[in-house]
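Quick note: the sequence shown uses this note's numbering, first residue 201, plus one each step.
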Amino acid sequence: MSIEDLSLNINKRFDFVDKRFDSVDKCLGSVDKRLNSIQKEINFLASSSAREFKDISHRFDLLEISVAGIKKVIINGRFDKRMEQLERDMDKVKQALAL
C-alpha cells in the first residue's frame, strides 16, 4: 500500500469515529433534555401522591441506566465536561428524590 492509500484509509477511519461521536453527542443531548424534564417533574410533584413519586423515581432510574450505557461508549475526552455536568445533575435529582 502506498502512503496515500494509508492516509486515505486513516482519514476514513477518523471520519467514521467522528460520526460516532456526533451520534453519541446527540444521545447526550437527548439524555440532557430528559434529565431536565425529569427535574421539572420532580419539582412539580414534590407534594404529589406516593404513586406519582414512585413513577418519577423509576423514570430517573431508567435515565441513570441510559447515562451509564452512554458513558461506556465515550472514549474521547471532548465529552468529559458534559458528562460531569450530567453526573452533577443526576446527583441533584437523587438529592431531590431523597427529600
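Every residue, glycine too, gets a C-beta built ideally from N, C-alpha and C.
In the same chain as Ile-238, and ignoring 5 residues on each side of it, the C-beta atoms closer than 8 Å to its own belong to Ile-256, Arg-259, Phe-260, Leu-263, Val-293, in chain order. Out of Val-224, Lys-212, Ile-203, the CA that lies nearest to the CA of Ile-270 is found in Val-224.
Around the Cβ of Val-217, a 10 Å sphere holds fewer than 16 other Cβ atoms; the residue is exposed.
By the CB criterion at 8 Å, Val-231 and Leu-286 fall inside the cutoff. Judged by DSSP secondary structure, Ser-207 falls within the alpha helix (DSSP H) whose first and last residues are 203-245.
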